[in-house]
Every structure is written in structure tokens, then in C-alpha cells.
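The structure appears below as C-alpha cells.
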């Protein structure tokens with residue numbers, strides 16, 4: 045798999061993960077586009093036409109070039125014509141506005157077309173006719189003008205502007221609204237990718253496993269415990285879903301902690317400070333183990349609750365992210381690290397592994413709470429196998445198709 049393909053997938057996952065942010069920015073863009081469309085209403089367009097007399101037959105007139113269509117278009121779009129046309133409207137329009145709204149083109153060698161836009165159909169028609177009238181004044185006057193345009197040309201209005209087209213407000217709002225939404229979505233996606241570029245937190249199970257070379261034993265949905273009543277409810281009435289129950293059972297079985305009738309065993313569950321989604325994993329395991337007939341107790345800060353001999357004791361330990369240390373922590377049969385997707389960096393996880401090794405304590409595996417919905421990796425395949433390009437196991441999503449014979 046190429047690096048470019050990996051980058052594209054990572055970018056797409058980041059956009060999907062923050063799709064609400066992208067959608068919110070797109071919605072703002074939609075509202076902005078609609079607001080702009082209301083401030084700048086759709087313009088109506090009207091057209092008038094002016095016909096010129098046949099070209100002169102004399103060589104002198106030909107050399108003057110007063111009848112060429114390019115010359116007439118230039119005159120019609122000149123500042124004196126546009127300024128006078130704008131002043132003849134009620135209310136008057138500035139020359140710059142008229143220049144932006146008027147377009148003169150040569151249809152044939154004898155006909156020029158004047159397209160004028162206005163905020164209303166009446167304004168567009170009046171502007172088109174005003175430009176045509178002022179143009180005729182300039183090219184038919186007897187006064188001396190540059191290029192000897194004082195000679196009457198015989199130009200006349202071929203078609204007055206009596207109708208206007210365009211100006212549909214619904215279409216105008218739709219176009220600018222969709223354009224604003226598109227620009228907003230692009231801006232939101234760019235912002236998300238820019239933020240994700242500097243985000244070093246681990247989200248995929250393979251990334252988490254690769255950080256310290258330990259397997260991901262299971263993935264479990266977190267339990268939201270905010271106060272004492274929530275923790276009490278977790279210990280007394282926790283009822284995991286079938287998927288979470290199977291994941292918890294696999295965790296206990298992998299660690300050899302689900303053997304009934306054997307010697308007492310213990311498990312240390314380490315979570316990171318501030319990772320509120322991973323902290324309830326120990327109590328979740330304790331409540332589940334109790335539900336399947338394994339007497340279990342929870343040890344917090346060296347205190348055993350409830351007292352008495354139990355088959356499984358689960359020790360809860362919270363590690364500092366910057367300077368984790370396990371000095372003084374009681375030895376247990378097994379040790380796992382609980383962390384939620386997108387909350388821990390590779391450096392923080394590696395520092396915890398180093399601290400465990402310094403205390404001659406082995407970490408047996410990792411448990412991920414609230415995995416990324418787009419994560420199809422399993423966290424149990426080594427990097428060398430993934431780089432070899434061989435077909436790898438993934439977590440299946442959706443439903444299986446039934447085949448018939």
C-alpha cells in the first residue's frame with residue numbers, strides 16, 4: 045500500500061471523524077451565500093438594438109473608419125455615453141455602475157446589440173434604451189467630434205428594449221446558497237485536515253499496538269460515570285451489550301483470569317490521567333466477571349473492597365501522562381493498559397511502557413475503549429506483516445450476505 049494511499053485514507057478518516065464540524069461550516073457557508081444573494085439581488089437583463097446605415101462608398105469615408113462596427117461599439121461603451129445614460133435614469137446611476145451593467149457587441153457589420161442589467165425589469169429596459177438613445181445622439185450630431193464623427197450616419201434604433209429576462213430570486217438564492225455551502229465544506233475540510241496534521245494522538249488499533257509493540261486484546265464501549273451514583277450503578281447494574289460482553293470475556297480468557305476453582309489471581313488496569321472513557325474499564329471487567337460467577341473485588345489505592353478472599357482482584361491505577369511511575373504499586377498476575385481512541389500519543393504510551401519495564405513489570409496487552417468507527421484494523425498484526433503486502437485480517441462491518449444453492 046503506497047504512502048499516498050495511506051495519506052488519503054487518513055485524511056478521509058479525519059474528515060469523517062469531524063464531519064459535524066465540516067457540516068457546521070458548510071451550513072454557515074450556506075447561510076452566508078443566501079445572505080449575500082439577498083444583499084445582491086438577481087439582475088434582470090434587457091436588450092436594445094441599433095442598426096447602422098450601409099457602409100460609405102467613397103474611399104475617403106472608408107479611410108475615416110467611422111462606420112466600422114468596432115468603432116461604433118467603442119463609442120457606445122465610451123464614458124460620455126454611459127455617463128449620460130446613467131444620469132437620464134431615475135434614480136440616476138453612477139458611471140462605474142453603468143459600465144459594469146452594460147455590454148455592447150456587434151451582431152453584424154450593421155447592427156450593434158446593447159445588453160443592460162438592472163435590479164428590476166423596468167430599470168434594465170430603461171438603461172438599455174437610454175444607452176441606445178445617447179449613442180444615437182453622439183453619432184448623429186452635427187457638432188465637431190473626434191474622428192470627424194459630426195457627419196450624420198443615419199443610425200437608428202432597430203429594436204427597443206420592451207422585455208427583460210432573468211432575475212429569478214429562487215434560482216439566485218439556490219445558486220449562491222449551494223456555492224456558499226460548497227465553499228464552506230471545502231474550508232471546513234481544509235481546517236480539519238490542518239488540525240489533524242498536528243494531531244499526534246493515536247486512533248487506530250494498529251497505530252496503538254505499533255506504538256509499544258503490544259497487542260490490542262479487545263475493544264469495548266465506555267461507560268459514562270460522572271459521579272458516585274454512576275459508579276455505584278456501574279458496579280451493581282452493569283449490563284454490557286452482547287458485543288461488549290464477548291470482548292470482556294475474551295480479555296479475561298486471554299489473560300487466563302476466567303478459570304473457576306483455581307488459585308486467586310489479580311489484574312492491574314492502568315489508565316491515563318484525563319482519559320475518562322478508559323477509566324471505567326476496570327469496574328466494567330469486575331462487574332462482568334461477577335456476573336459470570338467469578339468472585340471479584342476492586343482495589344483502589346491499596347484498599348480492598350469488599351474485604352474477604354476473592355478469586356479475582358482488579359487493581360486500578362491512574363498514570364501521569366508526562367511522568368508515569370509504578371513505584372509502590374502492588375504486583376499482580378497480569379497487567380493491561382486501558383485507553384480510549386484519540387486520547388493518547390505514542391510518546392505517552394511509550395513512557396508508560398518504559399516505566400513498567402523499570403519496575404520489572406510486564407504489560408500483557410491493551411484494551412481500547414470507544415474505538416474509532418472508521419477503524420477496521422485489529423491491532424494484532426505486526427508492522428512487518430502489513431508492510432509485506434499480504435492480505436490482512438480486518439474487523440468486518442455490515443451484515444453477511446446469504447448465499448443460495
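Numbering (the working numbering), first residue to last: 45 to 449.
The beta carbon of each residue, even a glycine, is placed where N, CA and C say it ideally should be.
From a predicted model like this one, the values you see are computed outputs, not experimental measurements.
Residues in the same chain with beta-carbon distance under 7 Å from residue i, minus the five sequence neighbours each way, listed in chain order, please.
{"i": "residue 403", "result": "370, 371"}
{"i": "residue 449", "result": "Residue confidence is low: residue 449 scores 39 on pLDDT, short of 50, so the model does not pin down where it sits. No coordinate-derived value is stated."}
{"i": "residue 342", "result": "326, 327, 330, 349, 358, 360"}
{"i": "residue 233", "result": "59, 66"}
{"i": "residue 123", "result": "139"}
{"i": "residue 64", "result": "none"}
Would you report the Cα separation of residue i and residue j, rounded to the nearest angstrom?
{"i": "residue 121", "j": "residue 217", "result": "31 Å"}
{"i": "residue 214", "j": "residue 383", "result": "51 Å"}
{"i": "residue 173", "j": "residue 205", "result": "6 Å"}
{"i": "residue 209", "j": "residue 158", "result": "14 Å"}
{"i": "residue 236", "j": "residue 249", "result": "21 Å"}
{"i": "residue 77", "j": "residue 83", "result": "10 Å"}
{"i": "residue 260", "j": "residue 291", "result": "11 Å"}
{"i": "residue 231", "j": "residue 422", "result": "33 Å"}
{"i": "residue 273", "j": "residue 79", "result": "49 Å"}
{"i": "residue 61", "j": "residue 258", "result": "25 Å"}
{"i": "residue 211", "j": "residue 164", "result": "8 Å"}
{"i": "residue 336", "j": "residue 353", "result": "17 Å"}
{"i": "residue 397", "j": "residue 289", "result": "28 Å"}
{"i": "residue 312", "j": "residue 57", "result": "33 Å"}
{"i": "residue 418", "j": "residue 365", "result": "26 Å"}
{"i": "residue 293", "j": "residue 252", "result": "21 Å"}
{"i": "residue 302", "j": "residue 295", "result": "9 Å"}
{"i": "residue 305", "j": "residue 334", "result": "14 Å"}
{"i": "residue 137", "j": "residue 181", "result": "19 Å"}
{"i": "residue 133", "j": "residue 97", "result": "28 Å"}
{"i": "residue 207", "j": "residue 146", "result": "16 Å"}
{"i": "residue 68", "j": "residue 271", "result": "32 Å"}
{"i": "residue 222", "j": "residue 70", "result": "9 Å"}
{"i": "residue 297", "j": "residue 340", "result": "15 Å"}
{"i": "residue 456", "j": "residue 280", "result": "Given that the chain is displayed from residue 45 to residue 449, the structure contains no residue 456 and the question cannot be resolved."}
{"i": "residue 282", "j": "residue 299", "result": "22 Å"}
{"i": "residue 424", "j": "residue 391", "result": "20 Å"}
{"i": "residue 307", "j": "residue 284", "result": "27 Å"}
{"i": "residue 256", "j": "residue 332", "result": "28 Å"}
Could you name the residues of the same chain whose beta carbon sits closer than 8 Å to that of residue i, not counting the 5 residues immediately before and after it, in chain order?
{"i": "residue 114", "result": "150"}
{"i": "residue 52", "result": "none"}
{"i": "residue 387", "result": "245, 316, 318, 319, 321, 322"}
Given residue i, which residues of its chain have a CB within under 6 Å of its CB, disregarding the five upstream and five downstream residues?
{"i": "residue 323", "result": "315"}
{"i": "residue 195", "result": "Reliability fails at residue 195, whose pLDDT of 49 lies under 50, so the model's placement of it is uncertain and the value that follows must be treated cautiously. Counting only Cβ-Cβ distances below 6 Å, and skipping sequence neighbours, we find nothing."}
{"i": "residue 269", "result": "275, 278, 324"}
{"i": "residue 220", "result": "77, 80, 81"}
Determine the contact status of residue i and residue j, defining contact as a CB-CB distance below 7 Å.
{"i": "residue 344", "j": "residue 329", "result": "no"}
{"i": "residue 325", "j": "residue 338", "result": "no"}
{"i": "residue 228", "j": "residue 72", "result": "yes"}
{"i": "residue 379", "j": "residue 395", "result": "no"}
{"i": "residue 155", "j": "residue 93", "result": "yes"}
{"i": "residue 385", "j": "residue 414", "result": "yes"}
{"i": "residue 87", "j": "residue 200", "result": "no"}
{"i": "residue 377", "j": "residue 309", "result": "yes"}
{"i": "residue 412", "j": "residue 265", "result": "no"}
{"i": "residue 125", "j": "residue 59", "result": "no"}
{"i": "residue 89", "j": "residue 168", "result": "yes"}
{"i": "residue 241", "j": "residue 416", "result": "no"}
{"i": "residue 239", "j": "residue 74", "result": "no"}
{"i": "residue 130", "j": "residue 117", "result": "no"}
{"i": "residue 368", "j": "residue 401", "result": "no"}
{"i": "residue 171", "j": "residue 95", "result": "no"}
Look up residue i in the DSSP assignment and say whether it is helix, strand or coil.
{"i": "residue 268", "result": "coil"}
{"i": "residue 159", "result": "strand"}
{"i": "residue 55", "result": "helix"}
{"i": "residue 337", "result": "coil"}
{"i": "residue 328", "result": "helix"}
{"i": "residue 46", "result": "Note that residue 46 scores 48 on pLDDT, short of 50, meaning its location in the model is unreliable; the coordinates nonetheless yield the value given after this. Coil."}
{"i": "residue 411", "result": "strand"}
{"i": "residue 64", "result": "helix"}
{"i": "residue 405", "result": "coil"}
{"i": "residue 133", "result": "coil"}
{"i": "residue 171", "result": "helix"}
{"i": "residue 208", "result": "strand"}
{"i": "residue 152", "result": "coil"}
{"i": "residue 79", "result": "helix"}
{"i": "residue 394", "result": "helix"}
{"i": "residue 420", "result": "coil"}
Counting contacts by CB-CB distance shorter than 7 Å, is residue i in contact with chain B?
{"i": "residue 322", "result": "Annotation note: the requested chain B is absent from the structure, which comprises a single protein chain."}
Query raised in the report: Which runs of the beta strand (DSSP E), 3 residues or longer, sit entirely within the region 344-392?
Result: Listed in chain order, the complete beta strand (DSSP E) runs (minimum 3 residues) inside the region 344-392 are 347-349, 356-363, 378-384.
Just list the beta strand (DSSP E) runs in the region 227-310, keeping only unbroken ones of 3 residues or longer that don't cross its boundaries, in chain order.
Those beta strand (DSSP E) runs which fall completely within the region 227-310 and span 3+ residues are 260-264.
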